[in-house]
Amino acid sequence: MVSIVRVHLPSEIPIVGCEITPYVLLRRPDGSATTDDAPESAPIDGCFLRYKWIRIQSDKKVPVCSIHPTEAATLQCLGCLKVKIPVTKSYHCSPKCFSDTWQHHRVLHERAANTTSENGAEEDGSSDHLFGRLPTQSPSTNGPVPIVNPDKNSGETWYEVGRSKTYTPMSDDIGHVLRFECVVLDVDTRIPMGTVSSILTSRVIPAPTPTPRRMIPVLPGGAEVMQGGFDIDGRNASVTSMGTFTVLSYNILAETYATGEGYNYCPSWALSWTYRRQNLLREIVGYHADIICLQEVQNNHYEEFFAPELDKHGYQALYKKRTSEYLQMYPSNPNNIDGCATFFRKDRFTHVKKYEVEFNKAAQSLTDAVITAGQKKVALNRLIKDNVALIAVLEAKFGGSPDNSGKRQLLCVANTHVNVHQDLKDVKLWQVHTLLKGLEKIAVSADIPMLVCGDFNSVPGSAPHTLLALGKIDQMHPDLSIDPLGILRPTNKLNHQLCLVSAYSSFARIGGGSYELEQQRRRTDPQTNEPLFTNCTRDFIGTHDYIFYTADSLTVQSLLELVDEESLRKDTALPSPEWSSDHIALLAEFRCKPKLKH
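Sequential numbering from 50 applies to the sequence shown in the working numbering.
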């Protein structure tokens, strides 16, 4: 007889919108163990499993704090109710919680007030008298029909909410405990064979959400701040106009790197992939980007989650997995190998061609050409890091510019992750230079605008960043002093002719502008014009991510506002319950320049 050995949950805290898949260990009659599912349609040894999910609803529903979702709320912000902010965001666990996050919280008030001002809603901008003690709440009368609670004196009502192995908590579950039950049944008699195994969750919490990020125009003279960008509730349409397009670049932090040891400041439930994948998807979809460049996308996550989920939103997918000579740490699980994924909206672009750059192959060719036989093994050990780049040539379905109407508008998008240790400055620079030389060959064969996106693991002013931004490197640059293999010599070969400019440097380069534009300038480095940070952990805060564009063929129209450290909240680094990667997303809107007539 098949029996249930153990049942446990992947995370101790269930979150609205995040699927729960319990772990059920079975023992077969021969004594062997299995975690395979046993539905009635595919029984094991004449037995199948029946599942049930139950919401245990207390007579008094307990709201949870919007900032610390594992804590019960004791205060409610009345200002949120005035401007019709979702009620779940109005709860706080203490006066200190409310005051500590006021600068972050008031942004919600200001933006909501702007959209409801026609209804006479007012906000005085002060935190005084904005919160009150929570009133006693009556249990909801809506929802599924209650089932019999074995303990009639417990003050609880049980509702059956699901009959499959997995369950996705809904808003009605917030504040309540869930109970998962499973039992083995005989496939012929349908009679239970053994006792029911069950396990309880913690109280369901709402999915934490960061402050929405807006698109900031960067054209000279400026314009109104666009109510677009990241819209987690999906109320805003894409901000792109007919002749423009948007590009997103985002290192999403692969599950294999998101360990509790490396990110011990992030709650375990918020670090789990089941939570992060839904939070990341909600964020990515909310940006409404026409082109999406993601880094650190695991092979199985691409095939089983991102490709099918983004297909539902109208995106076509391209993927390049990292090569595996160096990644011998995953010999038994190739799915753990990550790579670069590029998605584009099928209603705005068609796929023309795909190029794959494998830096391992380039390293082999380099060593064969310039490294002596006795040094080849040492050279390959230093150069081979399994990094890749994915280059997509797309054709726009919209007009690139009024002067080019009727002409074919192509676009080349490079997506890469230069995952090289900081000590190997020569290898990092060599990989970036190799990519740029490959892009130059494409540029020679076609008059085509280019975008170079990704995580370059290089801070502003470093040799790789300087090469990208300036097209050359000063021969006295300190990074050039590290070159044990001689692969960077002669240094005057380190150049390119692509006319690349960093999109986010536009915040600093454009004079004048609105208050919002000035606010963004304060979040950039005045020496390099780059963001102060795109990567924020307990051990490092700085910029590694960029969107470069060819300035002779494209112009920047607007940029997704930068995140300031204050909005990440005190004593917090990334990832966090609100932001599910240790990087922040970059998003730029572009317009193609008219081609000069000869």
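Quick reminder that beta carbons are idealized off the backbone N, C-alpha and C, glycines included.
Q) Is the stretch 362-370 in contact with the stretch 382-391, if contact means three or more CB pairs nearer than 8 Å? A) yes
Q) So is His57 buried or exposed if we call it buried at 16+ other beta carbons inside 10 Å? A) Numbered from 1 along the sequence shown, position 8 holds the residue referred to as residue 57. Classification for His57: exposed.
Q) Are there 16 or more other CB atoms within 10 angstroms of the CB of Phe589, so buried, or fewer, so exposed? A) Taking the first residue of the sequence shown as position 1, residue 589 is located at position 540. Label assigned to Phe589: exposed.
(Q) Since Ile265 and Leu608 should fall inside the 8 Å C-beta cutoff, what is the C-beta to C-beta distance between them, to a whole number of angstroms? (A) As a first step, residue 265 is located in the sequence shown; it is residue number 216 there, counting from the start. As a first step, residue 608 is located in the sequence shown; it is residue number 559 there, counting from the start. About 6 Å; that satisfies the 8 Å criterion.
Q) According to the neighbour-count rule (16 or more other Cβ atoms, all chains shown, within 10 Å of its Cβ), is Cys641 buried or exposed? A) Indexing the sequence shown from 1 puts residue 641 at position 592. By the neighbour-count rule (16 or more Cβ atoms within 10 Å), Cys641 is buried.
**Q.** Spatial distance of Cys342 from Ile633 (CA atoms)
**A.** Counting from one through the sequence shown, the residue named residue 342 turns up at place 293. Counting from one through the sequence shown, the residue named residue 633 turns up at place 584. Each residue's alpha carbon lies about 13 Å from the other.
**Q.** Same chain only: Cβ atoms within 6 Å of Thr577, ignoring 5 sequence neighbours per side
**A.** On the sequence shown, position 528 is the one that residue 577 refers to. Hits under 6 Å: Pro509, Gly510.
Q: For Cys461, write down the residues that DSSP places opposite it in a beta bridge.
A: Looking up residue 461 in the sequence shown gives position 412. In the DSSP assignment, Cys461 forms a beta bridge with Val442, Met499.
(Q) With distance defined between alpha-carbon atoms, name the residue in Asp360, Lys426, Cys461 nearest to Tyr404. (A) Taking the sequence shown and counting its residues from 1, the one referred to as residue 404 is at position 355. When only C-alpha atoms are compared, the closest one is Cys461.
**Q.** Nonlocal neighbours in the same chain, by C-beta distance under 6 Å from Ala319, ignoring five residues either side
**A.** Position 270 of the sequence shown, counted from the start, is the residue given in the question as residue 319. Pro626.
Q. Taking just the CA atoms, how far does Thr421 sit from Ala87?
A. One-based indexing of the sequence shown puts residue 87 at position 38. One-based indexing of the sequence shown puts residue 421 at position 372. Distance between the alpha carbons of Ala87 and Thr421 is about 60 Å.
Q.
One question on the structure: do His680 and Cys126 come within less than 9 Å of each other, judged by their Cβ atoms?
A. Absent from the model: residue 680. The displayed extent of the chain is 50 to 647, so no value can be given.
Q) Since Asp417 is in the alpha helix (DSSP H), which residue starts that stretch and which ends it? A) Residue mapping note: residue 417 aligns to position 368 of the sequence shown, counting from 1. Start and end: 408-419.
Q) In or out: Asn506 buried (at least 16 other Cβ within 10 Å) or exposed? A) Against the sequence shown, residue 506 aligns to sequence position 457. It is buried - the Cβ of Asn506 has at least 16 other Cβ atoms within 10 Å.
Q. In the DSSP assignment, what residue or residues form a beta bridge with Arg155?
A. Counting from one through the sequence shown, the residue named residue 155 turns up at place 106. Per DSSP, none; premise fails for Arg155.
**Q.** Cutoff 7 Å; reference Val580; Cβ partners in own chain excluding five residues on either side
**A.** Position 531 of the sequence shown, counted from the first residue, corresponds to residue 580. Before going on, a small fix: residue 580 reads as Pro here, not Val. Hits under 7 Å: Tyr553, Arg572, Thr573, Thr592, Leu611.
**Q.** Simplified DSSP assignment, three categories, for Glu23
**A.** In the structure displayed, the chain extends from 50 to 647; residue 23 sits before or after that span and is not available.
Q: Starting from the C-beta of Lys521, find all residues in its chain whose C-beta is less than 6 Å away, skip the five residues before and the five after it, and write them out in chain order.
A: Locating residue 521 in the sequence shown gives position 472, counting from the first residue. Answer for Lys521: Asn544, listed in chain order.
Q.
Comparing C-alpha positions only, which one of Lys214, Ile93, Asn328 sits nearest to Cys67?
A. For the purposes of this step, residue 67 is taken as the residue at position 18 of the sequence shown. Of the listed residues, the one whose Cα sits closest to Cys67 is Asn328.
Q.
Just to confirm my understanding: we take Arg77, look at its own chain, exclude 5 residues before and 5 after, and list those with CB closer than 8 Å. What are they?
A. As a working mapping, residue 77 is identified with position 28 in the sequence shown. These residues qualify, in order along the chain: Val51, Thr83, Ile93, Asp94.
Q: Could you tell me how far apart the beta carbons of Glu120 and Cys129 are, in whole angstroms, since I believe they sit closer than 8 Å?
A: As a position in the sequence shown, residue 120 is number 71, starting the count at 1. As a position in the sequence shown, residue 129 is number 80, starting the count at 1. Rounded, the Cβ-Cβ distance is 18 Å, inconsistent with contact.
Q: Could you have a look at Pro383 and say whether DSSP puts it in helix, strand or coil?
A: Stepping through the sequence shown from its first residue, residue 383 is reached at position 334. Here Pro383 sits in helix by DSSP.
Q: Can you give me the start and stop residues for the beta strand (DSSP E) that Trp628 sits inside?
A: Along the sequence shown, one-based indexing puts residue 628 at 579. Looking at the DSSP string, Trp628 is not in any beta strand (DSSP E), and its letter there is neither H nor E.
Q: Starting from the Cα of Val54, find the closest Cα among Arg431, Lys456, Leu75 and give me that residue.
A: Counting from 1 along the sequence shown, the entry for residue 54 is found at position 5. Nearest C-alpha to Val54: Leu75.
Q. Going by other Cβ atoms of all chains shown within 10 Å of its Cβ, with 16 needed for buried, is Gly515 buried or exposed?
A. As a position in the sequence shown, residue 515 is number 466, starting the count at 1. Note that residue 515 corresponds to Thr in the displayed sequence, not to Gly. Looking at its Cβ environment, which holds 16 or more other Cβ atoms inside 10 Å, Thr515 is buried.
Q.
Between which residues of its own chain and Asn409 is the CB-CB distance below 7 Å, once the five residues before and five after are set aside?
A. The residue you call residue 409 lines up with position 360 of the sequence shown. Exclusion of the five residues before and after Asn409 leaves Thr372, Glu374, Ile433, Asp435 as the residues of its chain whose Cβ lies within less than 7 Å of its Cβ.
Q.
On a Cα-Cα basis, can you pick out the residue from Ile440, Lys486, Pro135, Asp235 that is closest to Ser220?
A. Walking along the sequence shown from the start, residue 220 turns up at place 171. The shortest C-alpha separation from Ser220 is found at Pro135.
(Q) Quick check: what's the CA-CA separation for Tyr72 versus Ile440? (A) One-based indexing of the sequence shown puts residue 72 at position 23. One-based indexing of the sequence shown puts residue 440 at position 391. If you draw a straight line from the Cα of Tyr72 to the Cα of Ile440, it comes to about 40 Å.
Q: Give the secondary structure of Asn300 by DSSP, where H, G and I count as helix, E and B as strand, and everything else as coil.
A: Numbered from its first residue, the sequence shown carries residue 300 at position 251. Three-state result, Asn300: strand.
Q: Give me the Cα-Cα distance between Ala303 and Arg325, rounded to the nearest whole angstrom.
A: By one-based count along the sequence shown, residue 303 stands at place 254. By one-based count along the sequence shown, residue 325 stands at place 276. In a straight line, the C-alpha of Ala303 is about 10 Å away from that of Arg325.
Q.
Our contact map puts Asp594 next to Asp528 with C-beta atoms below 8 Å; I'd like the distance itself, whole angstroms only.
A. Taking the first residue of the sequence shown as position 1, residue 594 is located at position 545. Taking the first residue of the sequence shown as position 1, residue 528 is located at position 479. So it is not a contact: roughly 19 Å between Cβ atoms.
Q) Nearest-angstrom Cα distance between Thr399 and Tyr208? A) As a position in the sequence shown, residue 399 is number 350, starting the count at 1. As a position in the sequence shown, residue 208 is number 159, starting the count at 1. Approximately 48 Å, taken between the alpha carbons.
Q: Please say whether Leu415 and Ile536 have beta carbons closer to each other than 9 Å?
A: Residue numbering aside, residue 536 sits at position 487 when the sequence shown is read from its first letter. Residue numbering aside, residue 415 sits at position 366 when the sequence shown is read from its first letter. In contact: Ile536 and Leu415 (Cβ atoms closer than 9 Å).
Q: Give the single residue among Ile491, Arg558, Thr215, Ala445 whose Cα lies nearest to the Cα of Pro575.
A: Numbered from 1 along the sequence shown, position 526 holds the residue referred to as residue 575. Among Ile491, Arg558, Thr215, Ala445, the Cα nearest to that of Pro575 is on Arg558.
Q) Rounded to whole angstroms, how far is the Cβ of Ile531 from the Cβ of Asp475, which I believe are closer than 8 Å? A) As a first step, residue 531 must be located in the sequence shown, where it is residue number 482. As a first step, residue 475 must be located in the sequence shown, where it is residue number 426. Their Cβ separation, rounded to whole angstroms, is 5 Å, which keeps Ile531 and Asp475 in contact under 8 Å.
Q) Looking at Val267 and Ser555, is the spacing between their C-beta atoms short of 9 Å? A) Sequence index remark: in the sequence shown, residue 555 carries index 506 (1-based). Sequence index remark: in the sequence shown, residue 267 carries index 218 (1-based). Yes, the pair counts as a contact, with Cβ atoms nearer than the cut-off.
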